[in-house]
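Asker: These protein sequence lines are chains D and P, in that order.
Sequential numbering of the first sequence, starting at 34, is according to this note's numbering.
Sequential numbering of the second sequence, starting at 439, is according to this note's numbering.
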Amino acid sequence: MNTGLVDNWLNVDTFGPIYPFVGTEVLMAVVGIAFWIGWHIMQIKKENTEFKQDVENIKAKGGLGKVLDDEVNREMGDSIGR
Amino acid sequence: MDNELSSLVVIFTEFYYWVTVVFMFLIHVGFCMYEVGASRYKSHMHTLMKNTMVIPLVSVTFFFFGWWIYFAFVNGPWIIGPLVEAPFATPWSELMGTHMGGAPVQASLTADDTAFWARINGVFWAAFLLFSWTAASIVSGAVIERIRPSAFWILAVLIGSFCWIIDAAWGWSWNGWMVQKLGYHDAYASGVIHAIAGGFALGVLIILGPRIGKFRSDGTARNINPHNPWLVTIGLFLIYTGFWGFYVACNIPIIDIYGPLVLDVADKTYFSATNIYLQPTTLSAITLNFIMSLSGGLMAAYLISDGDSFWTYSGGLAGIIGASSGNDLYFPIQAMLIGAGGAIVAYKMHYWVERKFKIDDAVGAVAVHGYAGFYGVVICGFMLWGYPSSPFEGYAPITPWGNFAGAIIMFFVLGFFPALIAAKILNSMGMLRIPREVEMVGLDINHESLRAMEAEEVAEAIRAEAG
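1) Residues of chain P with CB under 8 Å from K79 of chain D, in chain order?
2) On the DSSP letters alone, give me the boundaries of the alpha helix (DSSP H) that P587 of chain P sits inside.
3) Helix, strand or coil for R871 of chain P per DSSP?
4) Taking Cβ-Cβ distances shorter than 7 Å, what residues in chain P pair up with V39 of chain D?
5) Listed from N- to C-terminal order along the chain, which residues in the region 517-544 of chain P have their beta-carbon within a distance smaller than 7 Å of any beta-carbon of chain D?
6) Who are the Cβ neighbours of F48 of chain D in its own chain at under 8 Å, not counting the five residues just before and after it?
7) Given that F769 of chain P touches chain D, what residues does it touch there, using C-beta distances under 8 Å?
8) Would F463 of chain P and G680 of chain P qualify as a contact pair, given that the criterion is a beta-carbon distance under 8 Å?
9) Applying the criterion that 16 or more other CB atoms from any shown protein chain within 10 Å of the CB defines a buried residue, is E583 of chain P buried or exposed?
10) Tell me whether Q618 of chain P is buried or exposed, calling it buried when 16 or more other Cβ atoms sit within 10 Å of its Cβ.
11) Flag this pair as touching only if the region 720-734 of chain P and the region 685-692 of chain P have three or more C-beta atom pairs under 8 Å; answer yes or no.
12) Quick check: the Cα distance between L669 of chain P and K480 of chain P, rounded to an integer number of angstroms?
13) Comparing C-alpha positions only, which one of P:L852, P:C601, P:W615 and P:G745 sits nearest to G840 of chain P?
14) For chain P, is any of its Cβ atoms less than 8 Å away from the one on V88 of chain D?
15) Cβ closer than 9 Å: which chain P residues qualify as neighbours of L97 of chain D?
16) Tell me, please, which residues DSSP counts as bridged to P710 of chain P.
17) Since I believe I592 of chain P is in contact with G504 of chain P (beta carbons under 8 Å), could you give me their beta-carbon distance rounded to a whole number of angstroms?
18) What are the partner residues of P718 of chain P, as DSSP defines its beta bridges?
19) May I ask you to report which of helix, strand or coil DSSP gives P826 of chain P?
20) What did DSSP end up calling F526 of chain P once you bin it into helix, strand or coil?
21) Tell me which residues share the same chain as I634 of chain P and place their Cβ nearer than 6 Å to its Cβ, disregarding the 5 neighbours each side in the sequence.
22) Label L643 of chain P either buried or exposed according to how many other C-beta atoms from any shown protein chain fall within 10 Å of its C-beta, with 16 as the threshold for buried.
23) Given this structure, state the Cα-to-Cα distance separating E895 of chain P from V459 of chain P, to the nearest angstrom.
24) Do A803 of chain P and G636 of chain P have their CB atoms nearer than 8 Å?
25) Closest by CA to H623 of chain P, which one among P:G905, P:G824, P:M869 and P:E831?
26) Where DSSP assigns a beta bridge to A659 of chain P, which residues make up the other side?
27) Taking Cβ-Cβ distances shorter than 9 Å, what residues in chain D pair up with Y708 of chain P?
28) What are the complete alpha helix (DSSP H) segments, minimum 4 residues, inside the region 79-112 of chain D?
29) Please report how far the alpha carbon of S445 of chain P lies from the alpha carbon of G540 of chain P, in whole angstroms.
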């Protein structure tokens with residue numbers, strides 16, 4: 034079993050690609066691009082859920098005015114690094 | 439040094455390793471920032487000093503015996519052969535001092551030894567030393583806020599100047615017995631640094647116990663949040679930066695593959711960079727793979743942790759670590775996907791182990807280094823199945839079972855069990871954990887009281903001046 038084209042290093046001066054699974058580069062590119070695009074799709078879905086939850090939390094805490102007032106009070110009392 | 443070309447190769451090699459040492463210093467700046475940020479404020483200065491003192495302690499012990507172990511223990515010893523002579527690496531060797539490469543004074547050395555090692559020994563020692571610091575610093579983060587500094591520093595010397603350098607002699611040298619007999623391949627140290635340090639940390643954590651307040655009475659874990667999450671993530675980012683130096687230091691920059699040091703073929707010349715096993719690779723290839731495995735790790739970790747900054751940055755590191763074993767040879771997209779797998783393994787295993795075994799790993803070190811490192815070694819055995827593990831005749835090829843056995847040796851035999859035994863001994867002497875009361879109020883209690891008194895004294899002096 035050999036995943037690469039290399040079975041010894043004696044003729045290294047003649048070698049070209051030495052990574053495993055030479056010949057599958059296009060397939061790997063397709064899988065890689067699918068991974069990238071899939072990431073964006075999953076991330077957008079999670080972000081939508083997160084923002085929806087954030088808006089519901091604001092309402093549950095008494096609305097925008099109340100939450101903003103609490104935020105100001107917290108920042109005034111906050112000491113950095115503690 | 440009697441002709442310009444060979445002198446250039448020697449001095450370039452010397453300078454190359456020197457540069458990697460400077461870069462790798464950033465790993466330790468990063469570790470300090472990361473641990474200080476992860477701790478609660480009441481213990482942050484002791485946390486800083488605990489990690490800082492790894493530097494001198496591992497340095498001096500690596501000088502006294504660590505460097506010699508790397509060369510002397512390649513056969514076990516007594517696994518495939520005896521101890522190997524290494525007169526250039528003993529702390530009393532003339533080659534550990536400034537040397538111009540001329541005839542030796544000490545009888546144990548030859549002219550070939552001095553010609554070869556005079557300009558390389560110091561920088562090569564330093565590159566390995568920075569790996570040693572890394573092994574100890576990995577353990578440092580897991581045990582914050584409750585380990586006695588004295589105990590940690592004994593453990594740091596054990597992992598930094600003894601356990602990891604034995605694993606390097608065995609599996610991260612051109613002639614280590616694990617390379618010869620198992621075909622073990624671990625180019626950028628998934629196993630030899632990360633899995634062993636993660637396993638070591640786990641062994642300590644089992645005996646040390648969790649921080650007070652970590653677990654509820656029903657066994658579920660509370661989150662003890664970092665006092666400065668921004669500092670934690672910037673620390674990790676600096677570790678990424680320093681990791682470049684680590685990767686580059688793992689290579690040999692230029693060597694004639696057909697020359698006397700490698701294949702020794704007459705009338706042929708082929709200069710290339712190689713990995714530590716003297717197999718050819720290129721700096722270009724590892725540059726691509728480092729970035730792609732980092733990217734795969736960051737992307738996977740961001741998704742599974744819902745964008746948590748600590749786990750995203752940690753996942754990037756787990757990505758690099760997960761692909762490091764074979765990053766000398768992988769195609770970049772392979773490195774990206776393997777890196778993504780490393781991040782997922784680290785995140786999922788951290789929380790599973792925490793739930794199931796009540797292990798409090800304050801910074802996820804066992805996961806990011808130990809589990810991702812183990813995964814990295816195992817995956818490499820499959821991905822590089824059948825490749826020669828060495829340019830030399832008679833070495834076993836790379837196989838899944840050889841690398842799996844190697845992962846077990848790294849994580850458990852040289853990491854977990856020595857740590858468990860050492861921590862148990864320290865604990866039985868009452869030397870492992872800080873007093874309960876001190877842990878509750880914070881290690882910096884006296885430091886903070888003194889600062890408050892000094893500030894008050896200065897304020898009073900200023901008021902008195904003001905009249």
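Ideal placement from N, C-alpha and C gives every residue a C-beta, glycine not left out.
Answerer: So, from the listed chains and residues:
1) As a first step, residue 79 of chain D is located in the first sequence; it is residue number 46 there, counting from the start. The answer, in chain order, is L741, D744 and G745.
2) Here residue 587 of chain P corresponds to residue number 149 of the second sequence, with the count starting at 1. Unbroken alpha helix (DSSP H) run through P587 of chain P: P587 to L596.
3) Taking the first residue of the second sequence as position 1, residue 871 of chain P is located at position 433. In this structure, R871 of chain P counts as strand in the three-state DSSP scheme.
4) Indexing the first sequence from 1 puts residue 39 of chain D at position 6. Ordered by position in chain P, the residues that pass the 7 Å Cβ test against V39 of chain D are Y825 and P826.
5) Contact residues of the region 517-544 of chain P toward chain D are absent (C-beta to C-beta distance below 7 Å).
6) Locating residue 48 of chain D in the first sequence gives position 15, where the first residue counts as 1. Closer than 8 Å at Cβ, skipping near neighbours: L38 and V39.
7) On the second sequence, position 331 is the one that residue 769 of chain P refers to. In chain order: Y52, P53, F54, E58 and M61.
8) Sequence index remark: in the second sequence, residue 463 of chain P carries index 25 (1-based). Sequence index remark: in the second sequence, residue 680 of chain P carries index 242 (1-based). Between F463 of chain P and G680 of chain P, the gap from beta carbon to beta carbon is short of 8 Å.
9) Position 145 of the second sequence, counted from the start, is the residue given in the question as residue 583 of chain P. Result: buried.
10) As a working mapping, residue 618 of chain P is identified with position 180 in the second sequence. The residue is buried, with at least 16 neighbouring Cβ atoms inside 10 Å.
11) Counting Cβ pairs under 8 Å, three or more are found: they touch.
12) Counting from one through the second sequence, the residue named residue 669 of chain P turns up at place 231. Counting from one through the second sequence, the residue named residue 480 of chain P turns up at place 42. Here the alpha carbons of K480 of chain P and L669 of chain P stand approximately 16 Å from one another.
13) Here residue 840 of chain P refers to the residue found at position 402 of the second sequence. Of P:L852, P:C601, P:W615 and P:G745, the residue nearest in Cα terms is P:W615.
14) Here residue 88 of chain D refers to the residue found at position 55 when the first sequence is read from its first residue. Not one chain P Cβ lies under 8 Å of V88 of chain D.
15) If you number the first sequence from 1, residue 97 of chain D lands on position 64. Within chain P, not a single residue places a beta-carbon under 9 Å from that of L97 of chain D; the smallest gap is close to 23 Å.
16) Position 272 of the second sequence holds residue 710 of chain P. Inspection of the sequence shows that residue 710 of chain P is occupied by Ser rather than by Pro. Paired residue(s): P:I693.
17) Counting from one through the second sequence, the residue named residue 504 of chain P turns up at place 66. Counting from one through the second sequence, the residue named residue 592 of chain P turns up at place 154. The Cβ separation is near 15 Å, so there is no contact.
18) One-based indexing of the second sequence puts residue 718 of chain P at position 280. Bridge partners of P718 of chain P: P:T712.
19) The residue given as residue 826 of chain P occupies position 388 in the second sequence. Assignment of P826 of chain P by DSSP, reduced to helix, strand and coil, places it in the strand class.
20) Your numbering for residue 526 of chain P matches position 88 in the second sequence. It is coil, neither helix nor strand.
21) Here residue 634 of chain P refers to the residue found at position 196 when the second sequence is read from its first residue. By the criterion of a C-beta distance shorter than 6 Å, I634 of chain P is surrounded in its chain by W602, D605, M848, L852 and G853, once the five residues flanking it on both sides are discounted.
22) In the second sequence, counting from the first residue as 1, residue 643 of chain P sits at position 205. That one is buried.
23) Residue numbering aside, residue 895 of chain P sits at position 457 when the second sequence is read from its first letter. Residue numbering aside, residue 459 of chain P sits at position 21 when the second sequence is read from its first letter. If I take the Cα positions, the gap works out to 44 Å.
24) Locating residue 803 of chain P in the second sequence gives position 365, counting from the first residue. Locating residue 636 of chain P in the second sequence gives position 198, counting from the first residue. Yes.
25) Translated into the one-based positions of the second sequence, residue 623 of chain P becomes position 185. Ranking the options by Cα distance to H623 of chain P, first place goes to P:G824.
26) Here the question's residue 659 of chain P lines up with position 221 in the second sequence. Beta-bridge pairing by DSSP links A659 of chain P to P:F653.
27) Within the second sequence, the letter at position 270 stands for residue 708 of chain P. The answer, in chain order, is V45 and D46.
28) With a minimum length of 4 residues, the continuous alpha helix (DSSP H) runs that stay inside the region 79-112 of chain D are 97-110.
29) Along the second sequence, read from residue 1 onward, the residue named residue 445 of chain P stands at position 7. Along the second sequence, read from residue 1 onward, the residue named residue 540 of chain P stands at position 102. Near 14 Å, if we compare the C-alpha coordinates of G540 of chain P and S445 of chain P.
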